[in-house]
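**Q**
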Amino acid sequence: MQAVGVVVEYNPFHNGHHYHIKESKKKTDADVVVAVMSGNFLQRGEPALVDKWHRTKMALLSGVDIVIELPYVFATSKAEQFARGAIQILTAMKCDTFAFGSEDGNIEPFLNTLMLLHDERTEYNDLIKYYISKGNSYPKSLYEAYEQLKQKRPQLYIDLSQPNNILGYHYIEAVHQIKSSIQPVTIQRVKAGYHDDVKLDSSIASATGIRKALFENGELSDVLQFVPSHSYEQLQLWAQNHQQFVQWESFWPLLRFTISRYLPKDLTQFADVSEGIEFALIKYAKMSDSFQTFMNHIKSKRYTWTRLQRMLTHIFTGVTKEQLHQFESPTYIRLLGMTKKGQQYLGLKKKEFELPLISRVAQTKDPLLQIDIRATEIYGQGIQLFSNKKIDGDYQTPPIRI
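Take any residue in the sequence shown, count from 1 to its spot, add 936: that is its number in this note's numbering.
1) Short of 6 Å in beta carbon distance, which residues of its chain neighbour His956, apart from the five on each side in sequence? Order them along the chain.
2) Quick test of your reading: Ile1023 and Val970, contact by CB under 8 Å. State the CB separation rounded to the nearest angstrom.
3) Please classify Ile1338: does DSSP put it in a helix, a strand, or coil?
4) At which residues does the beta strand (DSSP E) containing Ala971 begin and terminate?
5) In the DSSP assignment, what are the bridge partners of Pro983?
6) By DSSP's criteria, Ser1038 is part of a beta bridge. Which residues make up the other side?
7) How is the beta strand (DSSP E) around Ala939 delimited, first residue to last?
8) So is Gly1154 buried or exposed if we call it buried at 16+ other beta carbons inside 10 Å?
9) Measure the C-alpha to C-alpha separation of Leu1284 and Ile1269 and round it to an integer number of angstroms.
10) Give the straight-line distance between the Cα atoms of Leu1092 and Lys1222, rounded to the nearest whole angstrom.
11) Find the nearest neighbour of Asn951 within the set Leu997, Val968, Pro1200 and Ala939, judged by alpha-carbon distance.
12) Give the DSSP bridge partners of Arg1270, in chain order.
13) Three or more beta-carbon pairs under 8 Å between the segment 1308 to 1322 and the segment 1186 to 1195, yes or no?
14) Where does the unbroken alpha helix (DSSP H) through Thr1242 begin, and where does it stop?
15) Please determine, among Lys1086, Asn1232 and Tyr1107, the residue with the shortest C-alpha to C-alpha distance to Ser1020.
16) Which one of Ile1064, Glu1264 and Glu982 has the shortest CA to CA distance from Arg1243?
17) Suppose you measure from the CA of Thr1144 to the CA of Leu1026; what does that come to, to the nearest Å?
Given below as structure tokens:
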């Protein structure tokens, strides 16, 4: 059986994701789709709209055959670590190809960019330092250094100002670094950009736009045309059980308490907390009645919104610098769900897997997995805070079978 891997968050699974799955199978002639999916906390430092079990069901009912959880340590890291962890899992699962969405839609510019930055690494790093010294943010410095470097070799290169191109580049880079035999394929994103709002004359919207519509209007029917029927059903179930969808604002009372209970020196143990930001975190947590107000106070040129959210995610879940940076590679394959075809693939291939397949968390004491379990528990406490209902924990929930 041929398997194509995808790296996803499905926050939530929408029509654009459905298109990506269909095109990935078509382009690679794959029998099964393996999705490595972030758990309850995401790469931009946000809690997921609904928990990983609802998102797993959305995926399995809409064309994905196997859903694997990307461990928290990689799921909430910068693009390089996020991509590397996911590609390592897909490689360990013996996927033949992996397919990612991009604004470019052509694999050649990604390969050209990889070779340029690999061959000119010393000059690239020097240029980054130069632009940082001029007062630019780190992401802006990366972009400016890349734009200057491109002048040395006139070829087709990707636009690294586009978020999906950036992630795509890091997937390709990870394949190169770990010497994986997995073959990359890219699918061009259709109609909606990463940050675009929903448009009533289209059936395609970005996950960002869908979430924005849900939070601003509060009407689930507003997003009906942008998600497959199975996704809509899972969103309905969540809304019926918990009254609201999850964002940082939902967790603010608990996050505020978590920050306020620490001394400044204690906050510095958590991942990404540095350069004196701990004093501002404590000061403005006490002053702010909402997450938005808090972020407006601490946002600065030095700290991007995403960097701050990742920092807050680690404080909220209690993940320290030491814990976050001690794992260079995933140590297991955590199965969240599968279809019958996915189960067939696992039966045929699991003896070849390069990492142990875990379906029941109680069977292992892996320290990387313990972080995932704790993150799920903390996420669940936040849900219970506003809905008075618990979500299924990792110990209680077996893999979903469709």
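We treat Cβ as the ideally placed atom computed from N, Cα and C, and that holds for glycine.
**A** Concretely, from the data shown:
1) For the purposes of this step, residue 956 is taken as the residue at position 20 of the sequence shown. Gly1037 and Ile1123, listed in sequence order.
2) Counted from its first residue, the sequence shown places residue 1023 at position 87. Counted from its first residue, the sequence shown places residue 970 at position 34. The Cβ separation is near 12 Å, so there is no contact.
3) As a working mapping, residue 1338 is identified with position 402 in the sequence shown. In this structure, Ile1338 counts as coil in the three-state DSSP scheme.
4) On the sequence shown, position 35 is the one that residue 971 refers to. Ala971 -> beta strand (DSSP E) spans Val968 to Ser974.
5) The sequence position of residue 983 within the sequence shown is 47, counting from 1. The partner list for Pro983 (beta bridge, DSSP) reads Phe977.
6) Here residue 1038 is taken as the residue at index 102 of the sequence shown, counted from 1. DSSP output for Ser1038 lists Gln1124 as bridge partner(s).
7) Indexing the sequence shown from 1 puts residue 939 at position 3. It spans Ala939 to Val944 - the beta strand (DSSP E) in which Ala939 sits, taken as one unbroken run.
8) The residue labelled residue 1154 in the question sits at position 218 within the sequence shown. Per the 10 Å Cβ criterion, exposed.
9) Within the sequence shown, residue 1284 is the residue found at index 348, counting from 1. Within the sequence shown, residue 1269 is the residue found at index 333, counting from 1. Approximately 16 Å, taken between the alpha carbons.
10) Stepping through the sequence shown from its first residue, residue 1092 is reached at position 156. Stepping through the sequence shown from its first residue, residue 1222 is reached at position 286. Their Cα atoms are separated by approximately 51 Å.
11) Translated into positions along the sequence shown, residue 951 becomes position 15. The candidate whose alpha carbon is nearest that of Asn951 is Leu997.
12) Reading the sequence shown from its first residue, position 334 is the one you call residue 1270. Beta-bridge pairing links Arg1270 to Glu1005 and Ile1294.
13) yes
14) Translated into the one-based positions of the sequence shown, residue 1242 becomes position 306. Per DSSP, Thr1242 belongs to the alpha helix (DSSP H) from Trp1241 to Thr1253.
15) The sequence position of residue 1020 within the sequence shown is 84, counting from 1. In the sequence as displayed, the identity of residue 1020 is Arg instead of Ser. Closest option to Arg1020, Cα to Cα, is Tyr1107.
16) Against the sequence shown, residue 1243 aligns to sequence position 307. Minimum Cα distance to Arg1243 is reached at Glu982.
17) If you number the sequence shown from 1, residue 1144 lands on position 208. If you number the sequence shown from 1, residue 1026 lands on position 90. Each residue's alpha carbon lies about 26 Å from the other.
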